[in-house]
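**Student:** In terms of full-length UniProt numbering, the sequence shown opens at residue 1 and continues consecutively.
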Amino acid sequence: MPTPPHAIGFTLDPLDRMSDKRDDEAFVARLRDDPATRFLLFVKDVPLFKRTQGHDALFAAQEAAKFGTPIQTVLLGRDTDGRALFACALDTSVETAASALEAVPVEAIELRPVAMQGLVDAPIVSALGEARSMLDWHRRHRFCANCGHPTDDAGAGWRRICGNCRAQHFPRVDPVVIMLVTDGERCLLGRQPQFAPGMYSALAGFIEPGETFEHAVYREVLEEAGIRCSDVRYFASQPWPFPSSLMIGCFARATDTEIRIDEKELEDARWFTRAEVAAMLGGTHADGLSAPKPFAIAHHLLRSFVDGTGE
Ligand SMILES: [Zn+2]
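Written out as structure tokens, the structure reads:
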């Protein structure tokens, strides 16, 4: 298999997470007070950006303080410049946050268009993805799944502890397989009703307990398109922070070719030739059909198929 391409969204320059330091409260407090440290601010699951020049997601401590005491803070790690990054969930509205800095306009923009349009550098997109997943997890795990009592955060935001039964709860990642099934010069793509008009993508589905990712690929392709496949091969993976999936990109070979669609999952599925996929990626398809943009791993599975490196 080729080296996975490096333009997949949410995968570039992951932070040094300093996980061995998370329980060192004095160390974490020193980092929080370090003037070089920066803060990613969120209202619910939407990140804030300073709009002086372009889009700037990095707030200094004295700027972050103007938004009030955060509901939740997580130490994300240290970037390649040695700066620590924290994620903060604010107890404010988008409207109030917009004018919190007086001289500097602040805008809330959903992370998906930020990533898709490349509004900030790729390493910041990755850090915003980590932040979004972590803050979402805290928001949805305020009560113990074991006994129902409130939980408190610990470990610089990387676990929650129940005050009653002492159970510890850790952030979860939901694995999803996304697979390009090939049949010689053709590959299988489908479209869900909520896709943009004319867009087709690789099939995907959550891995269920007790499954390997190879089993999940086989089951999902059979369920959604009625196609049996084999020879599942790993391609690359992508964190997908909506809210906390991990996309596991695979190739597989079809062992039969007659499509039977599960209409609850897919609006359409069909075989596309290599030339047709190349036109979809290049925006030149005769019928105006398209494929996912480069920030999505599906784009890179398709690009690899077109280049002949992924089968
Ligand atoms: Zn409990």
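Backbone N, C-alpha and C define an ideal beta-carbon position, used for all residues, glycine too.
(1) Let me check understanding here. Comparing Cα to Cα, which of Glu63, Ala225, Met18, Ala156 lies closest to Thr257?
(2) On a Cα-Cα basis, can you pick out the residue from Thr212, Val120, Pro113, Pro171 that is closest to His141?
(3) What does the Cβ neighbour count give for Gln238, buried or exposed, with the cut at 16 atoms within 10 Å?
(4) With a floor of 3 residues, list each beta strand (DSSP E) that falls wholly inside the segment 154-228, ordered by position along the chain.
(5) DSSP has Gly77 in a bridge; who is on the other side?
(6) Under a Cβ-count criterion, where at least 16 other Cβ atoms within 10 Å of its own Cβ denotes burial, should Asp136 be classed as buried or exposed?
(7) Can you name, in chain order, every residue of its own chain whose Cβ lies under 8 angstroms from the Cβ of Glu211, other than the five neighbours on each side?
(8) Just to confirm before moving on: does the CB-CB distance between Val125 and Val181 stay below 7 angstroms?
(9) Could you name the residues, in chain order, whose CB is less than 6 angstroms away from a heavy atom belonging to ligand 1?
(10) Check the C-beta distance from Leu76 over to Phe42 and give it rounded, since I have them as a contact under 8 angstroms.
(11) Within the chosen definition, does the segment 285-294 reach the segment 248-268 through at least 3 CB pairs nearer than 8 angstroms?
(12) Under the rule that 16 or more other beta-carbon atoms within 10 Å means buried, what is His149, buried or exposed?
(13) Here's the rule: buried if 16 or more other CB atoms are within 10 angstroms of the residue's CB, otherwise exposed. What is Asp79?
(14) Alpha carbon to alpha carbon, how far is Cys250 from His299? Give it in angstroms, no decimals.
(15) Starting from Met18, follow the beta strand (DSSP E) in both directions and report where the run begins and ends.
(16) Assign Glu130 to one of two classes, buried (16 or more other C-beta atoms within 10 Å of its C-beta) or exposed (fewer than that).
(17) Which residues does DSSP pair with Asp49 in a beta bridge?
(18) Quick one: what does DSSP say residue 392 is sitting in, helix, strand or coil?
(19) From what residue to what residue does the beta strand (DSSP E) around Ala252 run?
(20) Let me confirm a value: Gly190 is counted as buried when at least 16 other C-beta atoms fall within 10 Å, else exposed. Which label applies?
(21) Return the CA-CA distance between Asp34 and Phe86, expressed in angstroms with no decimal places.
(22) Residues in the same chain with beta-carbon distance under 6 angstroms from Asp268, minus the five sequence neighbours each way, listed in chain order, please.
(23) For Arg270, does the three-state DSSP call read helix, strand or coil?
(24) Please name the residue in Leu302, Val74, Leu40, Ala60 whose C-alpha comes closest to that of Arg274.
(25) Tell me whether Gly82 is buried or exposed, calling it buried when 16 or more other Cβ atoms sit within 10 Å of its Cβ.
(26) What does a CB cutoff of less than 7 angstroms around Gln62 pick up in its chain, not counting 5 residues either side in sequence?
(27) Label Met1 either buried or exposed according to how many other C-beta atoms from any shown protein chain fall within 10 Å of its C-beta, with 16 as the threshold for buried.
(28) Beta-carbon within less than 6 angstroms of Ala7's beta-carbon, same chain only, minus the 5 sequence neighbours each way: which residues are those?
(29) For Pro294, which three-state DSSP category applies?
**Tutor:** According to the structure shown:
(1) Ala225
(2) Pro171
(3) buried
(4) 159-162, 174-183, 186-191, 203-206
(5) Leu85
(6) buried
(7) Arg219
(8) no
(9) Cys144, Asn146, Cys147, His149, Cys162, Asn164, Cys165, Ala167
(10) With 8 angstroms as the limit, Leu76 and Phe42 do not qualify as a contact, their Cβ atoms being about 12 angstroms apart.
(11) no
(12) exposed
(13) buried
(14) 12 angstroms
(15) Taken as a continuous stretch (DSSP letters only), Met18 belongs to no beta strand (DSSP E), as it is neither H nor E.
(16) buried
(17) Reading the sequence as shown, one finds Phe at residue 49 and not Asp. Per DSSP, Glu107.
(18) Because the chain spans 1 through 311 in this model, residue 392 falls outside it and cannot be assessed.
(19) 245-254
(20) buried
(21) 12 angstroms
(22) Arg191
(23) strand
(24) Leu302
(25) exposed
(26) none
(27) Confidence in Met1 is poor, its pLDDT being 45 and thus under 50, which makes the residue's placement unreliable; the coordinate value appears in the next sentence. Answer is exposed; the Cβ neighbour count stays below 16.
(28) Pro294
(29) coil
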